[in-house]
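Sequence lines, in order, name chains A and B.
Here the first sequence stands for residues 163 to 699, numbered as in the numbering used here.
Here the second sequence stands for residues 5 to 217, numbered as in the numbering used here.
For reference, the structure discussed in these notes is given below.
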Amino acid sequence: MTTAVVSPPNENYLNAKRGVMSWLVTIDHKRIGVMYLCGVIAFFLFGVVLQVLMRTDLLWPDSQWLSRDLYNRFLTLHGIVMIFVFIVPGIPGAFGNFFLPILLGAEDVAFPKLNLLSWYCFVTGALLAVISVVLGGIDTGWTFYVPYSLQTGTTLLWPILAAFILGWSSVLTGINFVVTAHRMRDPRMSFFQMPLFVWSLYATGWVQVVATPVIGITLVLLLLERGLGIPIFDPTRGGDPVLFEHLFWIYSHPAVYIMLLPAMGVVSEIIPTFSRKTIFGYKFIAFSSVAIAAIGSLVWGHHMFTTGMGDTARIVFSFLTFLVAVPSAVKVFNWIATMYKGSIEMATPMVWTMMFIFLFSIGGLTGLYLATLGPNIHLHDTAFVPAHFHYTMLGGVGTLFFGALHYWWPKMFGKMYNQKRATIGAVVFFIGFNLIYFSLFLAGYLGMPRRYADYLPEYTIYHRLASIGGFIMAVAFVFIFWNLLVSLWKGEDAPENPWGGATLEWRTATPPPTLNFDGEPDLSRGAYEYPEQVEDV
Amino acid sequence: MTTHSLENAQNNNEDSHGHYDPMAAKMGMWLFLFTEGLLFGTLFLIYAAYATKYRVEFEETSYDLNKLLGAVNTLILLTSSLTMALAIAALHRGAKRLCQQCCGATIAFSLVFLVIKGYEWYHKIHEGIYPASQEVQLMPAGKQLFYGLYFVMTGIHGIHVVLGAALILVAMHFICKEKVTQERSVFLENTGLYWHLVDLVWIFLFPLFYLIH
């Protein structure tokens, strides 16, 4: 694992080999991470374009700018791309792949070829999703609920195949990460000395392994039913559409934690670094990841409170949903306690992280409204729901994707970006984001249904505000990526440890050498021990 | 794709790191089997839901399946698990030839299983009983679902039998090429694990479809 190989000076993983082929067949986890990053960002921007098109249509109550049909297809594709291609693989695929082995003091993940295979699955799935639009797209929403998905005239084959293959990619990554944490860890590092980002990826890996096969086979069944007429969920042939919903959410709610846990891991790295202070409650944070993974797998029923399930089931699901808020809150309190009396530096990654805590708190607390049986009946299927999950997903996971991007960019590419511009981008995003989704909270509370291409004139003001917010946000994204890209040419060379971090990636060259470390990784200090930290008693 | 990924899961340690970590390969394989278990678990869950709702129809339809052929197939798969285990034991003792023979026997059993299963399917389809057929669509809902699940679950299991057999073939090739040896036997062991899973799933499928009345 830690053979003392010293690479020639100035050679790193980026310039060790050259040519497109050296990337396409690489088994270096860092290069695979970078390839994930490119893919994820490309498809993220594609999802943003769809968002802009839809929000433009929603500027007027009875707009026919996009046909209703096209709107429904864009809506579906936006969901599929953002969930399966951006949020699920985003942080684990790009930053997990790149940094998990380094944080463990390892040379690579446990199964490097499998890792490359999972990237290819990711790209194939993502492309299929896009091809499905060219072939007409589908209008079922990303949930593919039966019986409508059995009846719709649009082609289900490609998007479902896409989701299936992306699911495989996710499972392979999960298996790889779990085994890597167990087997590739530097023998001198115990499980409780692993950085918290690793813990969160470890818990995520388990959820990916446990939940994804369920949706995989369910989607296959849906295809078989549509393609070959095999009766499974079709109510006219005795099938039970609610069963489909159960199976769908048995995966898709845990999937929320597949998205969220890695983001929380990123917070646990950024906050100590920019507070120059050991993480508060290491074990609590570590175990809360595992607790979220465990409880989060048992709460799927709360998506189905209005399907007529029994009261006992509803109460149990409601209770469990409240319970999952506990480990999430434990994390937030620990992060805040970490900052307490720390020496806080508001660098760009820290700005994103602070936005995360703010936005995620709103997202989490409105989740409790929805988890409560009474309000749920009122709010179910209104715009309140998309507002809530965009606060958790984009405001939570998305902001941390950007946080992680700005945190690790210097290490990955060896260049410093313009921090002032990066922070301005973050703030503009924040304004746009709240404008969209806070308006949607209000519209939803007043009864605006989700997913609709049209609305009554009384909702015009909320939709207009939301659309303006959507445009502002899109501009912010472009600005942020432009700023990062420019740094590749014009940025100053990044030092080994620009932020004063204490985890292992900051104790190797920038960018890292092919084998991650020149010689043995330096484990003389713990993951959160800062030399300049003032001990408070 | 499954076979390919398994192969990778088991091989790459040796190739890319120059060190052989059978423990990692085993762990990866068990996690993979876990996903397979959940895949079939989902199917069993659907079965359970419908079998409860349409108990009478499920029991009646179950009469129409050929119990004898089902039982023979169960015996065949159980025996193939034995030959698979013997192949691994033989490799551990360095008996390369015996190991190859046992692997060959396992593949032969898998083929017999597939032939019998294929005959059963052919027979049903010949009678006009397949999921989208006129005949089935006129049946009561419970019977339709029974046949739907029967074809889907035995079909997906059949695919796994094919994949398992292909994997054993790959293992035999590796043994031939000395890539899998007495000291580096984890590929064959993992193949065995996969084969036992295939067997295990059938042990549940058999009573659920053939013996419930």
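Backbone N, C-alpha and C fix where the C-beta goes; we use that ideal spot for every residue, glycine too.
Only a predicted model underlies this, so the values are computations on that prediction, with no experimental measurement involved.
Thinking C-beta only, is residue j closer than 8 Å to residue i?
i: A:F248; j: A:V182; result: no
i: A:S229; j: A:S280; result: no
i: A:G209; j: A:M244; result: yes
i: B:W206; j: B:T78; result: yes
i: A:Y419; j: A:I454; result: yes
i: A:L562; j: A:I253; result: yes
i: A:D137; j: A:P683; result: With chain A running from 163 to 699 in the structure shown, residue 137 of chain A is simply not present.
i: A:T510; j: A:K439; result: no
i: A:T306; j: A:I293; result: Contrary to the premise, residue 306 of chain A reads as Phe rather than Thr in this sequence. Taking 8 Å as the Cβ cut-off, A:F306 and A:I293 do not qualify as a contacting pair.
i: B:Y58; j: B:G168; result: no
i: A:S649; j: A:Y624; result: no
i: A:A448; j: A:R345; result: no
i: A:L237; j: A:A291; result: no
i: A:Y553; j: A:L597; result: no
i: A:G427; j: A:W361; result: yes
i: A:N338; j: A:L265; result: no
i: B:L86; j: B:A94; result: no
i: B:A29; j: B:V190; result: yes
i: A:T585; j: A:V513; result: yes
i: A:R217; j: A:G632; result: yes
Our contact map puts residue i next to residue j with C-beta atoms below 8 Å; I'd like the distance itself, whole angstroms only.
i: A:P416; j: A:G458; result: 5 Å
i: A:V308; j: A:F395; result: 4 Å
i: A:F156; j: A:M635; result: No statement about residue 156 of chain A is possible, as the shown extent of chain A runs from 163 to 699 and does not include it.
i: A:I300; j: A:T314; result: 7 Å
i: A:A689; j: A:A664; result: 6 Å
i: A:F436; j: A:W661; result: 7 Å
i: A:N678; j: A:E269; result: 6 Å
i: A:H464; j: A:F479; result: 5 Å
i: B:M31; j: A:V452; result: Contact doesn't hold; Cβ gap of about 18 Å is too wide.
Three-state secondary structure (DSSP) at residue i?
i: A:D231; result: helix
i: B:D203; result: helix
i: A:D219; result: helix
i: A:V699; result: Confidence in A:V699 is poor, its pLDDT being 42 and thus under 50, which makes the residue's placement unreliable; the coordinate value appears in the next sentence. In the structure shown, A:V699 sits in coil (DSSP, three-state: anything other than H, G, I, E or B).
i: A:K439; result: coil
i: A:P416; result: helix
i: B:K183; result: coil
i: A:P611; result: strand
i: B:K100; result: helix
i: A:K503; result: coil
i: A:K192; result: helix
i: B:V119; result: helix
i: A:K577; result: strand
i: B:Q138; result: helix
i: A:D396; result: coil
i: B:N16; result: With a pLDDT of only 43 at B:N16, under 50, the local geometry of the prediction cannot be trusted, and the value read off the model is given with reservation. Note: B:N16 maps to helix in three-state DSSP.
i: A:P321; result: helix
i: A:E173; result: coil
i: A:F479; result: helix
i: A:A343; result: helix
i: A:S311; result: helix
i: A:K179; result: coil
i: A:T316; result: coil
i: B:H217; result: coil
i: A:T469; result: helix
i: B:G162; result: helix
i: B:R188; result: coil
i: B:T7; result: Residue placement at B:T7 is flagged as unreliable, the pLDDT there being 41, under the threshold of 50; a coordinate-derived value is accordingly withheld.
i: A:V461; result: coil
i: A:S184; result: helix
i: A:T380; result: helix
i: A:P357; result: coil
Comparing the CB of residue i with every heavy atom of the ligand NAP, is any distance shorter than 7 Å?
i: A:M356; result: With respect to the ligand NAP, the structure offers nothing, as it holds no ligand at all.
| task | Kindly provide the ranges of any alpha helix (DSSP H) runs that are 4 or more residues long and lie completely inside the segment 520-556 of chain A, ordered along the chain. | result | Qualifying alpha helix (DSSP H) stretches, in chain order: 535-541 and 546-554.
| said: Using a Cβ-Cβ cutoff of 8 Å, what residues of the segment 388-409 of chain A are near chain B? List them in chain order. | reply: L390, G391, I392, P393, I394, R399, G400, G401, D402, L405 and L409
| field | Residues in the segment 64-92 of chain B having any Cβ partner in chain A nearer than 8 Å | value | none
| task | Determine which residues of the segment 189-211 of chain B have a Cβ less than 7 Å from any Cβ of chain A, and write them out in chain order. | result | none
| said: Against chain A, which members of the segment 127-139 of chain B pass a CB distance test of less than 8 Å? | reply: P135 and A136
| query | Which residue spans inside the segment 616-680 of chain A form an unbroken alpha helix (DSSP H) run of at least 4? | reply | If we require 4 residues or more, the alpha helix (DSSP H) runs fully inside the segment 616-680 of chain A come out as 622-652.
| field | Selection of the segment 36-60 of chain B by Cβ proximity to chain A, strictly under 9 Å | value | F36, F38, T39, E40, G41, L42, L43, F44, G45, T46, L47, L49, I50, A53, Y54, K57 and Y58
| field | Residues of the segment 339-371 of chain A with Cβ closer than 8 Å to any Cβ of chain B, in chain order | value | V340, V341, H344, R345, M346 and V371
| said: So if I threshold CB-CB distances at 9 Å, which residues from the segment 145-168 of chain B count as touching chain A? | reply: Within the segment 145-168 of chain B, the residues whose Cβ lies closer than 9 Å to some Cβ of chain A are A145, G146, K147, Q148, L149, Y151, G152, L153, F155, V156, G159 and I160, listed in chain order.
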